[in-house]
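Worksheet for the structure shown next.
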Amino acid sequence: MAETLAIRTARPRPVPWRSILLHLVIALGAVAMFFPFYWTLVTSLNADSRLDSAPTLWPADPSLEAYATLFTRLPFARVIGNSLLLAVVTTLVQLFTSATAAYAFSRLPFRGRTVVFGIYLATMMVPLQVLVVPLFAELKAFGLVDTYLGALLPTFASAFGIFLLRQAMNQVPTELDEAAALDGAGHFRIFWTVMLPNIRPALATLAVFAFMGSWNSFLWPLVVLRSPEVQTLPVALAGLQGQFTTQWDVVMAGSIVSILPMLAIYLFAQKYVIQGVANTGLK
Amino acid sequence: MTATLSRPGRAAPPAVRRAPSGGRTPAARRRYALTVLAFLLPSAVPLAMFVLGPMVAAAWISLTDWNLLAPANWVGFDNYAKLLTDPKTGDVFLHTLAYIAGYLPLVYLGGLAIALGLNTALRGRTLLRGVYFLPVVTSWIVVALVWRWLLNPANGVVNTVLAWFGIDGPGWWTDPAWAMPSIILASAWKDLGFVMVILLAGLQAIDPALLEAARVDGAGWWRRLVSIIMPLLSPATFFVIVISLINGFQVFDQVYAMTGGGPGGATQVVVQQIYDLTFRYGRAGEASALSWMLFVVILAVTVVQIRGQRKWVNYG
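Protein chains in written order, with my numbering: chain A, 68 to 350; chain B, 2 to 317.
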């Protein structure tokens, strides 16, 4: 009781120490979180990043030599192009396959729908590693090893995307499609003119996730894309390590090049990305 | 995955039958069936061909001696028997468990601390949240390379800073004892923001009136955290743990790029072993058997958690 009183009497004029301390700790944490990015940039600008040179907070003699090395000694422009192509196609196809499936699960009742949806969701639980060997064999049989299509095909449908869009469609009032149906619209028209415009935020979230997933994916491209001309950024970056064991400036320059597009998309769509993660946790 | 975690009893809005759905005549019904198919096939075909099919195929391959080249011979459960008696199998599972044991508490408690901090009236909250989340959008390979560089034993920035304080930094990824902690550190750094965002969303769903009432009743900060916040946050905590365990058992990219399973096999995790068995030694049958074992382990761990959630997860 005495304690309660003490707390209450102290409340009208709270000393902001706690708040100041909190700001300080959170800000320091953020600096620590950001430091690796800063360090990557500094290293990439420091032409002499060898194991034997002591680190400095700012490059003594900043140069873009490492970036030049990246683009002249390696088919790096090609590698970026490969990654971009795969990410864009994956994103577009996943938006299409997820939206159509989500519409069926949200608006088209049919016998066994719950079971089918359950099977769809179960595919999310299958680790890619279980599939790697037979997938590789399958695409080899199709003659698609070392081709873009071989890298793309397994990414065409995403249970996560279907789930995300179905959740969004379930929140669209059915009155909207009923009104369109009264005007004589069929399911394809309702899907295109009523449903899609109403779930734009969810589509944006999925687009960002699909792009990010493709841009950063490693195991499958590593397995299926064997020759240098078709390789993607993460695989090429991992390969850089062996080629330039001590040339950390080149490796870090490659990392910066790989981070930049994601950073741009992230800054542009931060709201959707964070909302998307938060939603998957809550629902 | 997520659907199985959702709270029981909260049904999706009822799908309403509208004008063009089915109908009475056989022709109308056939047209409706075709419509359903048209909406489902674009996703059903790739899922069947590239997920369900390969899954069944993996089960079959695991019962053969296939080496990626020569025709496969049926060997029954030999691969499983071989794996179960091979001490290497125990090692790779132990290394994976060691990774999880280090990673999960670090990423959860770190994410919780930041989420609690960001859930207060903090200036620049959006910016800070963005900075903490940034590593999440970065690829595992970049994370692994950057941390290899930060944790460089010779002149890495971490050991340099440690040296300022007179601490002789360890060999990190070159030292068998420190290689796994290096991977754990890099992984926690990458995933902290993901966990933070999920917990933050959970925190923001807590009714402030509850906390205010507790404070009026004299509950201190710790008391409110333990007795109110943590129970109400349990669904988010549950989700984080389930997802982290699933991903933790599948740890690979960062191991491949940071240590390749070394030094001396000290960080050889299950998936690294699957990869090596397949693409270094061409033992695809054994690799498939190991991947099925991993899948069964993940499935069992997840099912146990979902069964056990009722004991501690509070859906309010």
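Cβ atoms here follow ideal geometry from the backbone N, Cα and C, with glycine treated the same way.
Note that this is a predicted model, so its numbers are computed, not measured.
Please confirm if residue i has its CB atom under 8 Å from at least one CB of chain A.
| i | result |
| --- | --- |
| B:L295 | yes |
| B:P14 | For B:P14, the predicted model reports a pLDDT of 46, less than 50, meaning its position is unreliable and no value from the coordinates is stated. |
| B:R308 | no |
| B:S245 | no |
| B:V52 | yes |
| B:P171 | no |
| B:D254 | yes |
| B:W174 | no |
| B:V305 | no |
| B:F40 | yes |
| B:A59 | yes |
| B:P9 | For B:P9, the pLDDT reaches just 40, beneath the cut-off of 50, and the residue's location in the model is therefore unreliable, leaving the point undetermined. |
| B:V1 | No statement about residue 1 of chain B is possible, as the shown extent of chain B runs from 2 to 317 and does not include it. |
| B:W190 | yes |
What are the partner residues of residue i, as DSSP defines its beta bridges?
| i | result |
| --- | --- |
| A:P129 | A:N113 |
In three-state terms, what does DSSP make of residue i?
| i | result |
| --- | --- |
| A:W282 | helix |
| B:W1 | Past the boundaries of the shown model lies residue 1 of chain B; chain B is included only from 2 to 317, so the question cannot be answered. |
| B:T320 | Only positions 2 to 317 of chain B appear in the structure, and residue 320 of chain B is not among them; the question remains open. |
| B:Y316 | coil |
| A:S225 | coil |
| B:N153 | coil |
| A:Q161 | helix |
| B:T268 | coil |
| A:G185 | helix |
| B:V147 | helix |
| B:L326 | This structure leaves residue 326 of chain B out entirely; chain B is present only between 2 and 317. |
| B:V297 | helix |
| B:A210 | helix |
| A:V302 | helix |
| B:F166 | coil |
| A:I266 | coil |
Taking C-beta pairs closer than 8 Å, name the residues in chain B that residue i reaches, listed in chain order.
| i | result |
| --- | --- |
| A:V92 | G118 |
| A:S165 | S44 |
| A:L89 | G118, T121 and L123 |
| A:Y215 | Per Cβ cutoff of 8 Å: no residues; A:Y215 is ~15 Å from chain B at best. |
Can you name the residues of chain A whose CB is closer than 8 Å to the CB of residue i?
| i | result |
| --- | --- |
| B:V345 | Summary: the structure shown does not reach residue 345 of chain B, with chain B confined to residues 2 through 317, and so no result is reported for it. |
| B:L129 | I93, A94 and A97 |
Identify the contact partners of residue i in chain B, using a Cβ-Cβ distance below 7 Å as the criterion.
| i | result |
| --- | --- |
| A:G96 | I115 |
| A:F223 | P47 |
| A:I266 | Chain B residues near A:I266: none, gap ~14 Å exceeds 7 Å. |
| A:W315 | W150 |
| A:S322 | V143, L146 and V147 |
Is there at least one Cβ from chain B nearer than 8 Å to residue i's Cβ?
| i | result |
| --- | --- |
| A:A235 | no |
| A:S20 | Examination of residue 20 of chain A is not possible in this model, given that chain A is present from 68 through 350 alone. |
| A:E205 | yes |
| A:S325 | yes |
| A:F104 | yes |
| A:W287 | no |
| A:P301 | yes |
| A:L159 | no |
| A:V318 | yes |
| A:A305 | yes |
| A:S281 | no |
At a CB-CB cut-off below 7 Å, which residues of chain A make contact with residue i?
| i | result |
| --- | --- |
| B:A285 | V200 |
| B:M56 | V193, V197 and L198 |
| B:I185 | The contacting residues do not exist; B:I185 stays about 15 Å from chain A at best. |
| B:Y133 | A97 and M100 |
| B:T97 | By Cβ distance, chain A contributes nothing, its closest Cβ being about 12 Å from B:T97, past 7 Å. |
| B:T139 | I326 and M329 |
| B:F195 | V344 |
| B:W313 | The premise fails here: B:W313 is roughly 17 Å from chain A at the closest Cβ pair, so nothing lies under 7 Å. |
| B:A288 | V200 |
Give the residues of chain A in contact with residue i, contact being defined as C-beta atoms less than 9 Å apart.
| i | result |
| --- | --- |
| B:F166 | Residues of chain A passing the Cβ test: none, with the nearest at roughly 16 Å. |
| B:Q251 | P194, L195 and Q196 |
Kindly list, in the order they appear in chain B, the residues whose Cβ is closer than 9 Å to that of residue i.
| i | result |
| --- | --- |
| A:S111 | In chain order: nothing, as chain B lies at least about 10 Å away. |
| A:L220 | P47, M50 and F51 |
| A:A53 | As displayed, chain A neither begins before 68 nor continues past 350, which places residue 53 of chain A out of reach and without an answer. |
Is any heavy atom of the ligand COA found at a distance shorter than 7 Å from the C-beta of residue i?
| i | result |
| --- | --- |
| B:K312 | With respect to the ligand COA, the structure offers nothing, as it holds no ligand at all. |
Is it a yes or a no for the region 328 to 348 of chain A touching the region 269 to 283 of chain A, going by three-plus beta-carbon pairs under 8 Å? These segments touch.
Report yes or no: do three or more beta-carbon pairs, one from the region 314 to 325 of chain A and one from the region 113 to 125 of chain B, lie closer than 8 Å? Result no; under three Cβ-Cβ pairs closer than 8 Å.
Kindly confirm or deny that the region 280 to 293 of chain B and the region 70 to 87 of chain B touch, where touching means at least three C-beta pairs closer than 8 Å. The region 280 to 293 of chain B vs the region 70 to 87 of chain B: in contact.
Give a yes or no on contact between the region 214 to 226 of chain A and the region 149 to 165 of chain A, applying the rule of three or more CB pairs nearer than 8 Å. The region 214 to 226 of chain A is in contact with the region 149 to 165 of chain A.
Can we say the region 50 to 67 of chain B touches the region 287 to 301 of chain B, given the rule of at least three CB pairs closer than 8 Å? For the pair of segments examined, the region 50 to 67 of chain B was found to touch the region 287 to 301 of chain B: the number of CB pairs separated by less than 8 Å reaches three.
If we count Cβ pairs, one from each stretch, closer than 8 Å, do we get three or more for the region 251 to 269 of chain A versus the region 185 to 204 of chain A? No, the region 251 to 269 of chain A does not touch the region 185 to 204 of chain A.
Taking 8 Å as the threshold, find out whether the region 179 to 191 of chain B comes into contact with the region 137 to 152 of chain B through three or more Cβ pairs. Touching, yes, given that three or more Cβ pairs across the two stretches are closer than 8 Å.
Assess contact between the region 230 to 244 of chain B and the region 203 to 222 of chain B, defined as three or more Cβ pairs (one per stretch) separated by less than 8 Å. Is contact present? The region 230 to 244 of chain B is in contact with the region 203 to 222 of chain B.
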